[in-house]
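Chains as they are written, first to last, in our numbering: chain A, 9 to 259; chain B, 31 to 210.
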Amino acid sequence: MNCALALRMVDAYVDDEVDAATAAEMAAHIASCAACAAMHQERVAMQAALRTASLREAAPKGLRASILRDIENVQSPAAPPRTVPWWQAWVVGASMAVAGAVGGWWLAQPRVIESSPELVVSAHVASLTPAGPRIDVASSDRHEVRPWFQGRLDFAPRVRDLSAQGIDLLGGRVERFGDRQAAAVVYRLRKHVINVFVWRGTGELAAGAKEATVRGFNIVTWSEQDLSFAAVSDTDNAELRRFTEAYRSPQ
Amino acid sequence: MNHSQRTARFEEVILVHLDAAHNLARWITRDAGMAKDAVQDGCLRAFKSFDRMQGPNARAWFLAVIRNTCIDLLRDKQAHASDQEYDDDLHGSAPMPGGGTPTPEDIVSRASDARWLRGCIDALPREYREVVVLRELEELSYKEISAIVDIPIGTVMSRLSRGRDLLQQRMSFARKASRP
């Protein structure tokens, strides 16, 4: 790798968008070339600055309600007025969607891997409310979250303090995946909620991490002994991979 | 699917990305009121056409609809002046007066100054601003950005590189200007 090529590739390298061979060549070049190393450092610093400065402009209060009112008016004038409030429809719709996904998941047995990312995303989406992620035990202390699951589940999900990596523990809750119970351990990385679902039984999940993207959400799944794990978030693949590695690494 | 089922599905699949949509609209239009209008109009468009949604990535599809709405709105209001308002001689490829680029430490030390960073991003021409925002604030992959902006992945890569070069120069310019 020469400097001209390194400068052309540095952004894709920082963004984790190069293949493993190119990444290795870049790493070797950066280790041996001070000028390219400085350029790489600048890019990494800029990315960190942009991502930590809270520049994201979330939707203002009331916008969602305005949109739903607009949608309501899309109906043909002849149609009778709806009697179900939108939020009830949402609850019914969301549970139907989850039920549908669960049903599909069972029908698809034993090809669990193909449909379970969809199930995981449905559960993740259903947990996101305008007020924040749904949490039954809210605490950033893993010594409060972990014991909370005792008596509610027949296994102990891993709850890790990842604050050193800039990842906040928000708490936990119990989810139903079909006839089985799953723990949801909830984290936040900057503004992105990460749900880690843990359930008993490994299906066909391998120990090695497997990545998928469903409806714009990234998912990493893996198994350990007799437990299955799925981490899901709208953060990017590389960040979710870093999260997963931190969550899995022994402390 | 009846209307309430359709609304429920729309909320679950599309509106869950409302913050991302608003963020993109804010950075493309650079105006809070116009961003809100664009998101409302865009959501209506999305609702009318989401039966025909292509591909598995609802977020990318939704953001593409929002982006197109923003661009239409800007064109309608004749406020679309992304190429004119940016003085390339002042902030562009020409070397900075006094030379030099900010060190990584400088950039990090200014990271808390969100307003200053905002100004630096707002000064980018739209085609660079949108890819920087999609990558750094929405954390989307090149493939997703390529689908939203409707350009090849190679172009995503080169625009992002150029956008970051410009941003770096702009940050160094603003830093010098703010010094006594």
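Glycine included, each C-beta is placed from N, C-alpha and C at the ideal position.
Keep in mind the model is a prediction, meaning the values are calculated, not measured.
Item                                                                                                                       : Value
The region 232-245 of chain A in contact with the region 207-222 of chain A per 3-pair CB rule at 8 Å                      : yes
Endpoints, beta strand (DSSP E) assigned at ASP176 of chain A                                                              : 175-185
Distance between HIS52 of chain B and LEU170 of chain A (C-alpha atoms, nearest Å)                                         : 30 Å
Option nearest MET201 of chain B by Cα separation, candidates B:GLU41, B:ASN32, B:ALA153                                   : B:ALA153
Which of helix, strand or coil DSSP assigns to PRO155 of chain A                                                           : helix
Inter-residue Cα distance where the pair is TRP57 of chain B and VAL163 of chain B                                         : 7 Å
Counterpart residues of LEU136 of chain A in DSSP-defined beta bridges                                                     : A:PRO141
Segment contact, 8 Å Cβ cut-off, at least three pairs: the region 221-240 of chain A with the region 126-143 of chain A    : yes
8 Å Cβ cutoff, GLY224 of chain A in contact with chain B                                                                   : yes
Closer than 8 Å to chain A by CB, ASP80 of chain B                                                                         : Here residue 80 of chain B turns out to be Phe, not Asp, going by the sequence shown. Taking Cβ atoms only, chain A never reaches closer than 8 Å to PHE80 of chain B, which makes this a no.
Where the beta strand (DSSP E) containing HIS200 of chain A begins and where it ends                                       : 200-208
Secondary structure of GLU219 of chain A, DSSP reduced to three states                                                     : strand
Touching by the beta-carbon criterion (3+ pairs, under 8 Å), the region 193-212 of chain A and the region 60-75 of chain B : no
Residues near ALA11 of chain B by beta carbon distance below 8 Å, same chain, minus five either side                       : Summary: the structure shown does not reach residue 11 of chain B, with chain B confined to residues 31 through 210, and so no result is reported for it.
VAL201 of chain A beta carbon less than 8 Å from that of PRO258 of chain A                                                 : no
Backbone secondary structure at SER62 of chain A - three-state DSSP                                                        : coil
Uninterrupted alpha helix (DSSP H) stretches inside the region 27-52 of chain A (no shorter than 4 residues)               : 28-40
Residue-chain proximity (VAL133 of chain A, chain B), Cβ-Cβ < 8 Å                                                          : yes
Residues within the region 173-197 of chain B neighbouring chain A, beta-carbon criterion of under 8 Å                     : GLU174, MET187, LEU190, SER191, ARG194, LEU197
HIS82 of chain A classed as buried or exposed, judged by whether at least 16 other C-beta atoms fall within 10 angstroms   : Position check: residue 82 of chain A holds Val in this sequence, whereas His was assumed. Exposed, by the Cβ-count rule.
Assigned exposure category for LYS69 of chain A - 16 Cβ within 10 Å defines buried                                         : exposed
Span separating the alpha-carbon of ARG148 of chain B from that of GLN49 of chain A                                        : 22 Å
CA-to-CA distance, SER74 of chain A to GLN35 of chain B, given in whole angstroms                                          : 19 Å
Exposure of HIS37 of chain A, with buried meaning 16 or more beta-carbon neighbours within 10 Å                            : buried
Members of the region 48-75 of chain A near chain B, C-beta cut-off 8 Å                                                    : GLN49, GLU50, ARG51, VAL52, ALA53, MET54, GLN55, ALA56, ALA57, LEU58, ARG59, THR60, ALA61, SER62, LEU63, ARG64, GLU65, ALA66, ALA67, PRO68, LEU71, ARG72, SER74, ILE75
CA-to-CA distance, VAL194 of chain A to LEU177 of chain A, given in whole angstroms                                        : 6 Å
heavy atom of the ligand ZN below 7 Å from VAL18 of chain A C-beta                                                         : No copy of the ligand ZN occurs in the structure displayed, which carries no ligand at all.
Chain B contact residues for GLU247 of chain A, given Cβ-Cβ distances below 8 Å                                            : GLU169
GLY130 of chain B, buried or exposed, once every other Cβ within 10 Å from all chains shown has been counted against 16    : With a pLDDT of only 49 at GLY130 of chain B, under the threshold of 50, the placement of this residue in the model should not be trusted, and no figure is reported.
Burial state of HIS47 of chain B, where buried means 16 or more other Cβ atoms lie within 10 Å                             : buried
8 Å Cβ cutoff, GLU27 of chain A in contact with chain B                                                                    : The amino acid at residue 27 of chain A is misidentified as Glu; the sequence shows Asp. Cβ-Cβ to chain B under 8 Å: no for ASP27 of chain A.
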